[in-house]
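Everything below concerns the one structure shown next.
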Amino acid sequence: MAAKTGPTIRRMQLGQELRRLREQAEREDGTGRGLTRVQAVKGTSVSDSQLHRVEKGVTSLPKVEQLRQLLDRYGVTDPDDVDFLLDVHKNSLNRGWWSPYRTFMPSGFNLSVGLEGDAKILRVYQPDVVFGWFQTSAYARAMFESAKPVDERTTEFVERNVEIRMRRKEAITRSVHPVEIHAILDEAVLRRVYGGPDVMREQYEHLRELATLDHVTVQILPMSQPVYRAGQNFILMEFESPLPSMVSVDSFASVNVTDKDAEIWSYRRRFDAMRAEAAGPRETREYLKRAARELERS
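In the UniProt record's numbering, the protein residues as written are 1 to 298.
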């Protein structure tokens with residue numbers, strides 16, 4: 001059974017295919033193949049900037065007629081090809097589960113959320129807090145509550161963000177094609193206490209339970225070792241072919257997602273360097289046990 005594919009991935013698929021068709025289309029003057037975006041939208045109701053966003057997967061064409069205009073422009077006449085692309089377009093217009101939460105998300109985060117649940121593999125590094133997919137509701141709530149007065153957030157903001165985290169993590173335990181995750185957490189993540197000892201003990205136990213799943217690997221990067229540490233958290237996302245790998249990187253108030261080869265290469269090197277130095281999965285589970293015992297004595 002194929003995994004359910006969300007609208008974000010459908011937008012990516014449609015954009016990738018439209019770019020391929022544009023680059024293969026015959027020029028009107030007979031000088032060869034390949035149209036610029038300006039040439040492609042000539043005589044259609046699609047703008048150059050709109051086509052750019054569509055090809056990048058940032059947005060979809062709002063009207064099916066616009067897609068038909070582009071397909072006609074590119075010389076796509078085979079009924080099966082047209083029907084396939086119309087179906088992809090239809091699904092790209094669906095609302096993802098995260099749509100009602102968009103006003104509570106930082107810039108760019110909705111794109112990252114839309115992609116991560118459809119990924120085949122996630123490779124994650126978190127130096128500051130427990131990775132969102134691994135958080136318990138108590139830990140997530142305590143984390144947001146601690147920042148609430150400083151960031152001047154509302155109670156609704158806190159609760160909605162807890163809900164977002166709980167919805168995101170459903171991709172770990174779904175019965176059909178759960179996402180494979182390899183996460184590296186800096187030891188500092190576990191030393192930072194949110195909500196008190198009871199909340200942290202529950203969080204440690206939850207991490208240990210997740211680490212027993214065949215498709216989940218958790219490694220701790222010890223603070224005592226003078227090893228390489230990336231300066232910010234990131235998520236490397238790998239998809240079924242032909243979609244490219246992508247990386248999502250957080251900044252203070254926004255999330256940037258890119259599929260640029262140089263960026264993917266760079267973050268893979270960082271992840272591989274830390275993976276080689278981090279405690280192995282078995283050592284990590286033992287570390288979590290010790291951390292819980294230390295809480296008991298504190």
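Idealized CB from N, CA, C, for every residue including glycine.
None of these values were measured; they are calculated from a predicted model.
- In the DSSP assignment, H182 falls within the unbroken beta strand (DSSP E) covering 180 to 186.
- DSSP places V227 in no alpha helix (DSSP H); its state is neither H nor E.
- A Cβ-Cβ separation of about 6 Å places L21 in contact with V76 under the 8 Å criterion.
- Going by DSSP, V218 is part of the beta strand (DSSP E) stretching over 216 to 221.
- Here DSSP, grouped into helix, strand and coil, assigns V199 to helix.
- Beta-bridge annotation (DSSP): Q232 is not paired with any residue.
- Here the alpha carbons of R208 and E116 stand approximately 22 Å from one another.
- The distance from the Cβ of Q225 to that of R275 is about 13 Å, inconsistent with a contact at the 8 Å cut-off.
- Note that the segment 99 to 110 does not touch the segment 49 to 65; fewer than 3 beta-carbon pairs, one per stretch, sit closer than 8 Å.
- Under DSSP, R33 takes part in a beta bridge, and its partners are E26.
- Only buried fits M200, as 16 or more other CB atoms lie within 10 angstroms of its CB.
- In the structure shown, M237 falls within a strand segment according to DSSP collapsed to helix, strand and coil.
- In the assembly as shown, A253 is an exposed residue. Its beta-carbon has fewer than 16 other beta-carbons within 10 Å.
- Here the segment 183 to 202 makes no contact with the segment 148 to 162; the two share fewer than three CB pairs at distances below 8 Å.
- For Q13, the number of other beta carbons within 10 angstroms of its own is at least 16, and it is reported as buried.
- A distance of 9 Å or more separates the beta carbons of I164 and L122.
- S137 and D83 have their C-alpha atoms spaced approximately 43 Å apart.
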